[in-house]
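For the sequence shown, the numbering used here begins at 7 and goes up steadily by one.
Notes to accompany the following structure.
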Amino acid sequence: MGLNMRKRFSIPRIASSEITSESAYLKRRDFIRAAGLAAAPVVGGLSLHSEAAKSTGGAALDYVAATPGVGGFYTDEKATPPGDIASYCNFYEFGTGKGDPAHYAHEMTVDPWSIEISGAVHKPGKLHLEDIISGFDLEERIYRLRCVEAWSMVVPWVGFPLAALLQRFEPTGKARYVEFQTLHRSDEMRGTRSYTSIIDWPYREGLRLDEAMHPLTLMSVGVYGKTLPNQNGAPVRLVVPWKYGFKSIKSIVAIRLTETRPATSWETLAPREYGFYANVNPQVDHPRWSQKSERRLPSTLFNPNRIATRMFNGYGEQVAHLYQGMDLAKSY
Ligand code: MTE
């Protein structure tokens with residue numbers, strides 16, 4: 007990424023005791039233990055906490071596997087190996103280097119965790135980690151992820167549709183957009199303490215409500231069948247596969263439904279370079295580089311693995327209708 011330097015309320019809170027079956031409860035315990043989220047016990051001199059964060063995932067999740075042929079939920083393109091997904095990351099809260107998140111994201115505490123849902127909803131409230139893990143049916147989605155920087159991956163996510171979460175809080179007739187915020191805890195996020203940091207934290211993103219409700223739009227809690235490594239946005243992140251990766255905001259703590267379009271981090275920083283829509287589009291170049299092709303990871307100097315970029319990242323059949331009548335060169 008980078009840029010041209012020119013420039014409280016109470017919930018209709020679903021009490022865990024009401025909705026958590028024994029198996030779901032055990033599932034959560036396994037989740038916490040294996041992900042190293044809890045008290046971080048020390049085994050053999052190594053903290054499980056940091057070990058889990060450095061590894062390519064935590065606890066095994068219960069989910070329905072992706073199957074070919076359903077609405078873009080699956081691709082038979084070769085999945086990017088778990089080690090590449092967990093080591094080549096963008097998570098500026100931990101630094102701007104691709105390896106920084108894998109080195110430092112274990113410093114982020116991901117339990118307890120909650121997401122506050124507010125704004126234009128009939129039932130504002132909070133979702134706690136246990137509600138997130140046991141309260142939604144988890145499924146696998148094998149998606150392409152195309153970064154605006156022109157590299158890409160194929161990732162087998164585990165998660166649930168954002169629509170299922172939003173419906174629970176009952177958007178009002180005024181809701182037109184959805185704003186998301188990442189955790190901002192500077193003592194655990196060294197990138198936010200940096201004097202050279204360019205982002206006005208917390209990291210923010212947004213979608214139009216119809217984009218947010220689209221069946222492809224996923225809240226992910228895992229990758230390769232296990233809980234997310236911290237560097238990939240644990241414990242819960244957004245995945246919007248037809249948009250540039252910066253829309254897929256990590257480690258979400260707040261979701262707000264709004265009447266007006268929310269200000270988002272990269273658009274605020276450099277509006278001519280990073281638009282609100284950020285739909286993958288090989289016809290509209292970034293002002294400083296072409297978007298016609300991408301490096302599919304793993305990629306090396308000698309084998310760059312360069313492939314053509316597809317309109318809407320190959321999800322046109324599912325999403326093109328959302329943008330009918332819009333000039334995508336202007337609304338980039
Ligand atoms: N979310 C937060 N909070 N901070 C970030 O810096 N980077 C974005 C997105 N989500 C980012 C973020 C960008 S630019 C990309 S390409 C994807 O995360 C990368 O996701 P990955 O590192 O899991 O591949």
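Heads up, the beta-carbon is just placed ideally off N, CA and C, and yes, glycines get one too.
Computed from a predicted structure; not experimentally measured.
Rounded separation between residue i and residue j - CA only
i	j	result
V227	L67	9 Å
G197	P241	19 Å
S299	F79	23 Å
T266	N309	45 Å
A71	T264	34 Å
D106	G179	42 Å
L339	A108	No statement about residue 339 is possible, as the shown extent of the chain runs from 7 to 338 and does not include it.
S124	I261	6 Å
A44	N238	Caution is warranted here: a pLDDT of 38 is assigned to A44, below 50, making its placement in the model unreliable, and the coordinate value is therefore given only provisionally. Looking at the two C-alpha atoms, the distance is approximately 19 Å.
Y98	V229	20 Å
E323	M317	10 Å
P247	K132	26 Å
I313	G89	21 Å
H292	T306	23 Å
T186	K84	First, the amino acid is wrong: residue 186 is Phe here, not Thr. Approximately 31 Å, taken between the alpha carbons.
V161	H112	21 Å
N287	W119	35 Å
Q330	S257	32 Å
L54	G231	Model confidence at L54 stands at a pLDDT of 33, short of 50, so the residue's coordinates are unreliable; what they give is reported in the following sentence. Those two C-alpha atoms are separated by around 19 Å.
W207	R199	10 Å
V290	V245	22 Å
G101	K336	31 Å
D143	Y69	7 Å
A218	P277	22 Å
A326	E273	22 Å
V154	F175	32 Å
G141	D82	29 Å
L328	P130	27 Å
A156	Q297	6 Å
A284	L151	13 Å
R191	S271	17 Å
Y338	Y280	8 Å
Y364	G8	Since the first residue of the chain shown is 7 and the last is 338, residue 364 is not available in this structure.
I138	E122	12 Å
G165	R294	34 Å
L334	P221	22 Å
R214	K253	12 Å
R243	N236	10 Å
Y183	A65	33 Å
Three-state secondary structure (DSSP) of residue i
i	result
K253	helix
H109	helix
N311	coil
F186	strand
A335	coil
F166	strand
A66	strand
R301	strand
H134	strand
P88	helix
G8	coil
E99	helix
E194	helix
E83	coil
N319	helix
E57	Residue placement at E57 is poorly supported in this model, since its pLDDT is 40, which falls under 50; the coordinates still yield a value, given next. E57: helix per DSSP, three-state reduction.
Bridge-paired residues (DSSP) for residue i
i	result
L151	M159
S296	Paired residue(s): none; S296 is not in a bridge.
S120	H134
V127	P177
N285	K249
Inside the region 208-282 only - beta strand (DSSP E) runs reaching at least 3 residues: 210-214, 224-229, 243-245 and 258-264
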